[in-house]
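I have placed the structure first, in the form of structure tokens, so that the comments after it can refer back to it.
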Amino acid sequence: MALFAPKCDRCGNRTRNKEDDKPICEACVQEMSLLVAASGEAKRPCPSDGTPMTKEIAHMLVIDRCPQCSGVWLDGGELERLKEGVQMEAVMATTRGLTSPLI
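Count along the sequence shown starting at 1, add 37, and that's the number in our numbering.
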């Protein structure tokens with residue numbers, strides 16, 4: 038058995054999970070399932086300019102972003118969840134000895 042786990046093909050984190058015989062971490066599996074679920078939803082028009090918005094993942098949330106004006110539109114409760122995700126990432130970065138941006 039290897040001393041170190043292989044790196045996830047998507048993000049580079051060490052993992053022992055595999056899918057289709059390739060290393061992939063649990064966070065990437067969850068993110069991919071969110072993207073698959075979101076891909077079935079109809080694209081919403083941007084409230085500012087009417088351009089169909091794209092769906093993107095941010096801290097395990099599917100958000101709508103306008104490619105024309107770069108506006109980001111959140112559903113109810115998503116702003117709070119996004120803030121919590123950013124704060125958690127900052128805490129984890131400091132515990133690993135990394136500096137984090139001010140929140």
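Beta carbons: idealized from backbone N, C-alpha and C, even for Gly.
Quiz prompt | Ala127 (DSSP reduced to helix, strand or coil) | solution = helix
Practice problem: Return yes when at least one heavy atom of the ligand FAD lies under 6 Å from the C-beta of Arg81, else no. | Solution: Of the ligands one can find in the structure shown there are none, so the ligand FAD has no counterpart to examine.
Quiz item: Going by alpha carbons, who is nearest to Glu115 out of Arg51, Pro104, Met97 and Met125?
Solution: Met97
Quiz item: Which residues share a DSSP beta bridge with Arg102?
Solution: Thr91 and Val109
Quiz item: Taking three-plus beta-carbon pairs below 8 Å as touching, is the region 42–53 in contact with the region 72–81?
Solution: no
Quiz prompt | Inter-residue spacing [alpha-carbon to alpha-carbon] between Lys44 and Ile61 | solution = 7 Å
Quiz item: Under a Cβ-count criterion, where at least 16 other Cβ atoms within 10 Å of its own Cβ denotes burial, should Met125 be classed as buried or exposed?
Solution: exposed
Self-check item: Strand pairing of Glu56, partner residues [DSSP]
Solution: Lys59
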